[in-house]
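First comes the structure, then the notes that go with it.
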Amino acid sequence: MKPVDFDTAETYEPDEGWRRVSMAGSDQFSFEWFEKPPGHSSPMHDHENEQVCLCLEGELTIYTEDDEVTLQKHDSVLLESWEEHRVENTGDERAVGLDVFAPGRSFDFWTDRE
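Quick note: the sequence shown uses UniProt numbering, first residue 1, plus one each step.
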């Protein structure tokens, strides 16, 4: 067993109100909890990992090159490997989500950015 305490987990906070926390995972899958302030969006990007994005609070809109979907509390979406996308808080309040990646990825994806 490999527990992860949320309050002491590895964290990435590049912008005010935007935070990602590395949760328990493995080489097969990884979990990242995140929060975004209203209006915050990631840039369009892709990666080798499949990604499931689960909305826990607020509203998240996921944009791809061809489509968009708005997630409310407990809604989720699957993004395929190399599918270009971005995630935006399109609501008026803080949004909270959980990303699951398969295969798992290191949190260095965030912490080693320039």
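Glycine included, C-beta positions come from ideal geometry on N, C-alpha and C.
In terms of Cα proximity to ASP5, the closest of PRO14, TRP18, GLY25 is GLY25. Distance from the Cα of VAL52 is smallest, within the candidate group ASP108, VAL77, VAL69, for VAL77. Short of 6 Å from the beta carbon of VAL96, and not among the five residues preceding or following it, lie these beta carbons of its own chain, in chain order: GLU35, LEU56, GLU57. In the three-state reduction of the DSSP assignment, TRP82 falls in the coil class, being assigned neither a helical nor a strand state. Following the DSSP letters along the chain, one finds THR61 inside the beta strand (DSSP E) bounded by residues 60-64. Within the same chain, ALA24 come within 8 Å of LYS2 by CB-CB distance, once the 5 residues on both sides are set aside. In this structure GLU48 does not touch GLU65 by the C-beta definition: roughly 17 Å separates them, more than the 8 Å allowed. For ASP75, the three-state secondary structure derived from DSSP is coil. Judged by their CB atoms, PRO43 and ASN89 are not nearer to each other than the 8 Å cut-off. When DSSP states are grouped into helix, strand and coil, ASP99 belongs to the strand group.
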